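First up is the structure itself, then whatever we jot down about it.
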Amino acid sequence: MKRRLGRDFFVPAAGEKTEEIAKRLLGKYIVRRIGDRKIWGKIVETEVYGGPRDKACHAYGGKVTPRNKLMYAAGGRAYVYLIYGMHWQLNFITQKSGVPECVLVRALEVEGDDPRAASGPGKLCRFLEVDKSFHGEDVVTSKDFWLENRGVEVARREIVSGPRVNIDYAGPHWAKRNWRFYLKNNSAVSRK
DNA sequence: CTCGCGATATTCT
DNA sequence: GAATATCGCGAGA
Numbered sequence: 005m006k007r008r009l010g011r012d013f014f015v016p017a018a019g020e021k022t023e024e025i026a027k028r029l030l031g032k033y034i035v036r037r038i039g040d041r042k043i044w045g046k047i048v049e050t051e052v053y054g055g056p057r058d059k060a061c062h063a064y065g066g067k068v069t070p071r072n073k074l075m076y077a078a079g080g081r082a083y084v085y086l087i088y089g090m091h092w093q094l095n096f097i098t099q100k101s102g103v104p105e106c107v108l109v110r111a112l113e114v115e116g117d118d119p120r121a122a123s124g125p126g127k128l129c130r131f132l133e134v135d136k137s138f139h140g141e142d143v144v145t146s147k148d149f150w151l152e153n154r155g156v157e158v159a160r161r162e163i164v165s166g167p168r169v170n171i172d173y174a175g176p177h178w179a180k181r182n183w184r185f186y187l188k189n190n191s192a193v194s195r196k
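So the first sequence is numbered by the working numbering: it starts at 5 and just counts up by one.
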């Protein structure tokens, strides 16, 4: 069974929180088409960046800059940017237009010689050959980049939550929020 | 295991 | 113009 994820996955009508979307993304597949070639990987680690109140979020304080304005777009778009001058990060925008929330994809489990070839936000982008040209790509309609549900069921108890990476500066209230989710006992998770 | 550094877009002053 | 950033790697201990 293969089913492409549609708009409602990223913009839940029921008002589901972005945390729930981040958990639902675990076990789904990211598929990238390059000419006749296809690359894919299973999502095993995600992290939530939650709006203007979240100090770790680019849209903290409701700030709008040329880079982050895409976070205010409707869910289903890719938010790609460069960090530390050399690593691309891949996020998916969630929620309806005007709500600057997104999910960072931190790690994929891939099939091949090296199961850790996409274990980390930067490595993942290199693996998928995602760069700035995919900033703003709509994964609901794109022919080169999308997400699939391949029928992998992730049990609630297989999902581990914990504090996000690099958020000490955000203060105790945000630092203790368990906004990072990953699959238990999965070797492709970036850090444990 | 911990540490330090890379190389640049974006933001801040 | 200067500081900084959602990281990964290779070196040294």
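A virtual CB, placed ideally from N, CA and C, is assigned to each residue, including glycine. Treat the numbers as computed from the prediction; the structure is a model and nothing was measured.
Along the length of the region 130-193, whole beta strand (DSSP E) runs at least 3 residues long occupy 149-153, 163-166, 184-187, reported in chain order. In this structure, Glu51 lies near Arg110, with their beta-carbon atoms less than 8 Å apart.
By the 16-neighbour rule on beta-carbons within 10 angstroms, Ala18 is exposed. Residue nearest to Arg81 within the set Glu115, Gly124, Arg161, Trp150 is Trp150 (criterion: CA-CA distance). For Ala77, the closest alpha carbon among the candidates Tyr88, Gln99, Asp58, Val48 is that of Gln99. Considered as a whole, the region 28-103 harbours 33-38, 41-54, 82-87, 91-98 as its complete beta strand (DSSP E) runs of no fewer than 3 residues, in chain order. By the C-beta criterion, the region 115-127 is judged to be in contact with the region 85-96, since at least 3 inter-stretch pairs fall below 8 Å. By the Cβ criterion, the region 140-154 is in contact with the region 9-17, since at least three pairs of Cβ atoms, one from each stretch, lie closer than 8 Å.
DSSP lists no beta-bridge partner residue for Leu128.
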